[in-house]
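Data block below; observations after.
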Amino acid sequence: MTETNLLQGPIHQVHVELGATFAPFGGWEMPVSYAGTVGEHQAVRTAVGLFDVSHLGKATVAGPGAAAFVNSALTNDLGRIRPGKAQYTLCCTPEGGVIDDLIAYYVSDDEIFLVPNAANTAAVVAALRAAAPEGITVTDEHREYAVFAVQGPRSAEVLDALGLPTDMEYMAYLDAEWDGRPVRVCRTGYTGEHGYELLPRWADAEAVFRALAAQVKAADGQPAGLGARDTLRTEMGYPLHGHELSLDISPVQARAGWAVGWKKPEFWGKSALEQEKSAGPRRTLMGLKALDRGVLRQGQSVLRDGEPVGETTSGTFSPTLKVGIALALLDTDADLQPGEEVEVDVRGRRLRCEVVKPPFVQARTA
Numbered sequence: 001m002t003e004t005n006l007l008q009g010p011i012h013q014v015h016v017e018l019g020a021t022f023a024p025f026g027g028w029e030m031p032v033s034y035a036g037t038v039g040e041h042q043a044v045r046t047a048v049g050l051f052d053v054s055h056l057g058k059a060t061v062a063g064p065g066a067a068a069f070v071n072s073a074l075t076n077d078l079g080r081i082r083p084g085k086a087q088y089t090l091c092c093t094p095e096g097g098v099i100d101d102l103i104a105y106y107v108s109d110d111e112i113f114l115v116p117n118a119a120n121t122a123a124v125v126a127a128l129r130a131a132a133p134e135g136i137t138v139t140d141e142h143r144e145y146a147v148f149a150v151q152g153p154r155s156a157e158v159l160d161a162l163g164l165p166t167d168m169e170y171m172a173y174l175d176a177e178w179d180g181r182p183v184r185v186c187r188t189g190y191t192g193e194h195g196y197e198l199l200p201r202w203a204d205a206e207a208v209f210r211a212l213a214a215q216v217k218a219a220d221g222q223p224a225g226l227g228a229r230d231t232l233r234t235e236m237g238y239p240l241h242g243h244e245l246s247l248d249i250s251p252v253q254a255r256a257g258w259a260v261g262w263k264k265p266e267f268w269g270k271s272a273l274e275q276e277k278s279a280g281p282r283r284t285l286m287g288l289k290a291l292d293r294g295v296l297r298q299g300q301s302v303l304r305d306g307e308p309v310g311e312t313t314s315g316t317f318s319p320t321l322k323v324g325i326a327l328a329l330l331d332t333d334a335d336l337q338p339g340e341e342v343e344v345d346v347r348g349r350r351l352r353c354e355v356v357k358p359p360f361v362q363a364r365t366a
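For the sequence shown, the UniProt record's numbering puts the final residue at 366, and the numbers step up evenly by one.
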């Protein structure tokens, strides 16, 4: 998709009003920042931020035994949760590569609601449709619902002010109403902070967003864009598909084995992933914290004693730590441990970094 025919979310004009700068992401024109990424990042860490992530996909798998079917396909074990809970999971190829990572909402034994990444929604839907038994439908609802993330220590205040539910455990959700409009509210997020993700209908998006924005402002928060979303998730070591997960980067390599139901009888890629886990991955995801001034980015070589031992998958400046940080796939044979020093080739300059095990900052999702 070219930059001239990018898709726009349901409240694009609201972002224009708020002074957003935009950039293409996953085929969509996304707000990158409003008042500045660092300020938006700090608002989420100290107060509250409001993100429009309506570009995320939505799909419903429905029919007799829908939950059992999804459980036979995706990696995580839906048997660990119940209706009213959500779960992080992965859609893999038979070879163990990752088509996408997504959130599965357990509605009932006969209905699972999925939120994949924007660019991968069609691939996930196609894979599930191709495998679905008779009687089970897989419906792409990408433009049926908006997604707004309210993240930060004062996020509950924002929802409370609108009469929306907040008293739920992490990864639980409730179907509620605001001003007569249905809104699904889930205790999830991509920032490492206490937060919520709201799914109103696409047609109701502007009204819901404006109401949220007013309460976020009252709580000393800010609207936040894709820039802050990336710095926040990198500080937490959360993967981004196309960076830390891909058709060439397995859950085992990405330290996402916790999202695999290893004891399940089946899921896509089970045999390949079991073999990789047993043999040990050839590379493992770790964090790097810069010891010198410099900007770390994706695709930079990691060196030890001048020899390549890995490559960065994401890199940014950490507004919390005030240093450059990166996620990197490091060769298992190099046996690099937290605290060891490496160098990163930043456009021909060697930047000293410390190996760390993510996250870079403590999670406060509870």
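No residue lacks a Cβ here, since even glycine has one placed at the ideal position from N, Cα and C.
- In this structure Val70 is in contact with Ile112, their Cβ atoms being roughly 5 Å apart against a cut-off of 8 Å.
- Here Leu303 is near Asp345, since their CB atoms are less than 8 Å apart.
- A residue is called buried when at least 16 other Cβ atoms come within 10 angstroms of its Cβ; Asn117 meets this threshold and is buried.
- Taking a cut-off of 8 Å for Cβ pairs, the region 231-239 and the region 58-73 do not touch, as fewer than three such pairs fall below it.
- For secondary structure counted as the beta strand (DSSP E) over 3 or more consecutive residues, the region 83-139 holds these complete runs in sequence order: 85-92, 98-108, 111-115.
- Counting C-beta atoms within 10 angstroms of its own C-beta, Glu157 has 16 or more neighbours from the protein chains shown and is therefore classed as buried.
- Within the same chain, and ignoring the five residues on either side of Ser155 in sequence, the residues whose Cβ sits closer than 7 Å to its Cβ are Val48, His194, Gly195, Tyr196.
- Val14: member of the alpha helix (DSSP H) spanning 12-17, first to last residue.
- Gln253 counts as buried, since no fewer than 16 other beta carbons sit within 10 angstroms of its beta carbon.
- Asp220 is the residue among Asp220, Ile103, Arg282 whose C-alpha sits nearest the C-alpha of Gln42.
- In the DSSP assignment, Gly189 falls outside any beta strand (DSSP E), carrying neither H nor E.
- The region 263-278 and the region 63-81 touch, with three or more beta-carbon pairs separated by less than 8 Å.
- The Cβ-Cβ distance between Ala224 and Leu90 does not fall below 8 Å.
- Excluding five sequence positions before and after Gln337, the CB atoms of its chain that fall closer than 8 Å to its own CB belong to Val355, given in chain order.
- Contact between the region 98-113 and the region 289-304 is absent: fewer than three C-beta pairs spanning the two stretches fall below 8 Å.
- The beta carbon of Arg282 sits closer than 6 Å to those of Thr332, all from its chain and outside the five residues before and after it, given in chain order.
- Between the alpha carbons of Ala203 and Tyr145 lies a gap of roughly 8 Å.
- Taking the CA atoms as reference points, Thr139 sits about 49 Å from Glu341.
- Per the DSSP secondary-structure output, Ile325 pairs in a beta bridge with Lys289, Thr316.
- By the Cβ-count criterion, Asp160 is exposed, with fewer than 16 other Cβ atoms from all chains shown falling within 10 Å of its own Cβ.
- Taking Lys357 as reference, the option from Glu343, Thr365, Leu329 with the minimal CA-CA separation is Leu329.
- Around the beta-carbon of Arg229, 16 or more other beta-carbon atoms lie within 10 Å, marking it buried.
- In terms of Cα proximity to Asp292, the closest of Lys322, Cys353, Phe317 is Cys353.
- In this structure Asp335 is exposed. Its beta-carbon is surrounded by fewer than 16 other beta-carbon atoms within 10 angstroms.
- The Cβ-Cβ distance between Gly96 and Glu311 does not fall below 8 Å.
- The residue among Glu40, Gln13, Gln8 with its C-alpha nearest the C-alpha of Trp28 is Gln8.
- Ranking Gly287, Gly348, Ile11, Lys289 by CA distance to the CA of Val147 puts Ile11 first.
- Of the other Cβ atoms in all chains shown, 16 or more fall within 10 Å of the Cβ of Pro251; this residue is therefore buried.
- About 15 Å separates the beta carbons of Ala131 and Asp100, which is beyond the 8 Å limit, so they are not a contact pair.
- Nearest to Thr320 by C-alpha distance, out of His241, Gly348, Gln362, Leu351, is Gln362.
- Considered as a whole, the region 146-207 harbours 155-161 as its complete alpha helix (DSSP H) runs of no fewer than 4 residues, in chain order.
- By the beta-carbon neighbour count (other beta carbons within 10 angstroms, threshold 16), Ala290 is buried.
- Counting C-beta atoms within 10 angstroms of its own C-beta, Thr313 has 16 or more neighbours from the protein chains shown and is therefore classed as buried.
- Sequence-distant Cβ neighbours of Glu169 in its own chain, meaning closer than 8 Å and more than five residues away, are Arg187.
- Here Thr37 is buried, its C-beta having at least 16 other C-beta atoms within 10 Å.
- In the DSSP assignment, Pro31 forms a beta bridge with Phe22.
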